[in-house]
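Asker: Read the sequence shown against our numbering and you will find it ends at 957, with the numbers running on by one and no gaps.
By construction, the Cβ of each residue, glycine as well, lies at the ideal position given by its N, Cα and C atoms.
Supplied in C-alpha cells, the structure appears directly below.
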Amino acid sequence: MSTEYEVIVVGGGIAGFTAGLASARLGRSTLVLTGDALGGHLISIEKVEGYPGFPEGVPGYDLCPIAQEQAAEAGAEVQMAAVGAIEQSGAAWKVATPSGALTAQALIVASGTALKTLDIPGEADLRGKGVSHCASCDAPLLKGQSVVVVGGGDSAMQEALTLAEHVADVVIVHRGDSLTGQATFRDRIAASADIALRGNSDVVEILGEGSVEGVRVRDAAGAVADLEAAGVFVYIGLKPNTAFLDGCVELAPSGHVPTDAEMRTRSPGLLAAGTVRAGAAGRAVCAAAEGTVAALAADAYLQSHDWPR
Numbered sequence: 649m650s651t652e653y654e655v656i657v658v659g660g661g662i663a664g665f666t667a668g669l670a671s672a673r674l675g676r677s678t679l680v681l682t683g684d685a686l687g688g689h690l691i692s693i694e695k696v697e698g699y700p701g702f703p704e705g706v707p708g709y710d711l712c713p714i715a716q717e718q719a720a721e722a723g724a725e726v727q728m729a730a731v732g733a734i735e736q737s738g739a740a741w742k743v744a745t746p747s748g749a750l751t752a753q754a755l756i757v758a759s760g761t762a763l764k765t766l767d768i769p770g771e772a773d774l775r776g777k778g779v780s781h782c783a784s785c786d787a788p789l790l791k792g793q794s795v796v797v798v799g800g801g802d803s804a805m806q807e808a809l810t811l812a813e814h815v816a817d818v819v820i821v822h823r824g825d826s827l828t829g830q831a832t833f834r835d836r837i838a839a840s841a842d843i844a845l846r847g848n849s850d851v852v853e854i855l856g857e858g859s860v861e862g863v864r865v866r867d868a869a870g871a872v873a874d875l876e877a878a879g880v881f882v883y884i885g886l887k888p889n890t891a892f893l894d895g896c897v898e899l900a901p902s903g904h905v906p907t908d909a910e911m912r913t914r915s916p917g918l919l920a921a922g923t924v925r926a927g928a929a930g931r932a933v934c935a936a937a938e939g940t941v942a943a944l945a946a947d948a949y950l951q952s953h954d955w956p957r
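Structure below.
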C-alpha cells in the first residue's frame, strides 16, 4: 500500500465514501480511512428516508456498503484504520495510523459524530444489557416488552417508530414540551397507539440488577416517578469526532469544524464534510452532497498548487 496520496478522506460514513468516490472519479489517488467500523451512525438505522432513488427508504446498513463499493470501483483505496493525529508537513498533511504515517496533499475530514450519553447512574453499568443506541439491532430481542426512548429529535423519533414495530409499547422521555425534528416523524408518532410522550422530563437514573428493569424520571416540577422498561434507547444529541484535529484547525465552541460553502477550513488543504462540520444539516442526503463538494474543492486546491495528477 502506498503511503502518499493526493487526497485522504478520514471517515467511513456516507460523507466519507461519497468524498472518496468523487475524488477517485476526478482522477486523484485517494484513500478512505474508515476507522474501526464502517458506515458511521447510518449502519444502525433501519430506514433512511428522504434519500433520492429510494422512495420507500433504504436501510443504512445497505446504503453505506453501496457507497463503499462505488468508491472502491472508482479507484479509491479503503482501509479500516483509525487516525491518531494529523499535522501539517510543509504544504502537505501527515496522518498517523496504527500501521504507520501517511501523507496527503489534501485532507477531507468526514469523521462524523458520536452519540452523547446521559452520564447518569446505571447507564454505564447496563450498557449492552438493555441500554442501547441501536433499535434495529435490539428491538427484536425486546418483543412484547416496554421500552423507553430518551430524546426528542429525528433520531429519537425514528428509533421509537422502529421499536414500536416489535415491542409492546414505547415511552419517549423528552425534556421539552413537544417533539422536534421532521413533521413526518412527529405525525407518525402522534398517530401511533403504541408510542407515548412524557415531556418536560429527564431520565435521572437507569434501574436494574444485571439488566435494565426501568428508569427514574423527574419532571420540571421536581416530581419523581419510576417507569418499567426492559430497554432504554438514548438519543440526546451528537458530539463531533474531532479529537485528532487538536491544534490543526480552529474548532467551533461545539467542537465541530467550521467551513465555507465549499467545505474548506481556514487551514489550506484541509476540508470537512458531513456531521462533523459546523452547520451540517444532519441528514444523509446532505452529508453525501457535502462529500462531493469537498472532493471538488480538494481537486481545485490541488490544481491551484500545480500538483500533478
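Out of K764, L766, Q727, point me to the one whose CA is closest to G748's CA.
Answerer: Considering only alpha carbons, the answer is Q727.
Asker: Assuming A935 and G661 form a contact by the criterion Cβ under 8 Å, report the distance between their Cβ atoms to the nearest whole angstrom.
Answerer: Contact holds; Cβ gap of about 7 Å.
Asker: Please report the straight-line C-alpha distance between L763 and P888, rounded to a whole angstrom.
Answerer: Their backbone Cα atoms lie some 9 Å apart in a straight line.
Asker: The ligand ZN heavy atoms versus the CB of G660: any closer than 7 Å?
Answerer: This structure simply doesn't include the ligand ZN, nor any ligand for that matter.
Asker: From the DSSP output, in three-state form, read off D874 for me.
Answerer: Three-state DSSP puts D874 in a strand.
Asker: Which residues bound the beta strand (DSSP E) around G850?
Answerer: With the sequence shown as reference, residue 850 is identified as Asp, and Gly is not the correct amino acid for it. D850 -> beta strand (DSSP E) spans 849-855.
Asker: Which residue marks the beginning of the beta strand (DSSP E) containing S784, and which one marks its end?
Answerer: Careful: S784 lies outside any beta strand (DSSP E), inside the alpha helix (DSSP H) at 783-786.
Asker: Could you give the DSSP three-state label for L755: helix, strand or coil?
Answerer: Of the three classes helix, strand and coil, the one that applies to L755 here is strand, per DSSP.
Asker: Go through its chain and collect everything with a Cβ distance to A946's Cβ below 7 Å, but skip five positions before and after it.
Answerer: Answer for A946: V655, S671, A754, I756, L919, listed in chain order.
Asker: Who are the Cβ neighbours of A765 in its own chain at under 7 Å, not counting the five residues just before and after it?
Answerer: In the sequence as displayed, the identity of residue 765 is Thr instead of Ala. Contacts found: E771, V882.
Asker: If you draw a straight line from the C-alpha of D773 to the C-alpha of E910, how long is it?
Answerer: One C-alpha to the other measures close to 43 Å.
Asker: What residue range does the alpha helix (DSSP H) around G668 cover?
Answerer: First-last of the alpha helix (DSSP H) with G668: 662-673.
Asker: I believe T751 touches T923 by the beta-carbon criterion, under 8 Å. Please report the beta-carbon distance rounded to the nearest angstrom.
Answerer: About 26 Å separates the two Cβ atoms, so there is no contact after all.
Asker: In or out: A838 buried (at least 16 other Cβ within 10 Å) or exposed?
Answerer: Answer is exposed; the Cβ neighbour count stays below 16.
Asker: Looking at the structure shown, is L950 part of a helix, part of a strand, or coil, going by DSSP?
Answerer: Here L950 sits in helix by DSSP.
Asker: Tell me, please, which residues DSSP counts as bridged to F881.
Answerer: For F881, which the question treats as bridged, DSSP gives the partners S780, V797.
Asker: Taking its Cβ as the centre, do 16 or more other Cβ atoms sit within 10 Å of R914, making it buried, or is it exposed?
Answerer: Flag for R914 reads exposed.
Asker: Would you list the residues sitting across from E725 in a DSSP beta bridge?
Answerer: E725 pairs with L679.
Asker: For the beta strand (DSSP E) holding R912, just list the boundary residues, first then last.
Answerer: Careful: R912 lies outside any beta strand (DSSP E) and carries neither H nor E.
Asker: Assuming G862 and H822 are in contact, meaning their beta carbons sit under 8 Å apart, how far apart are those beta carbons, in whole angstroms?
Answerer: About 18 Å separates the two Cβ atoms, so there is no contact after all.
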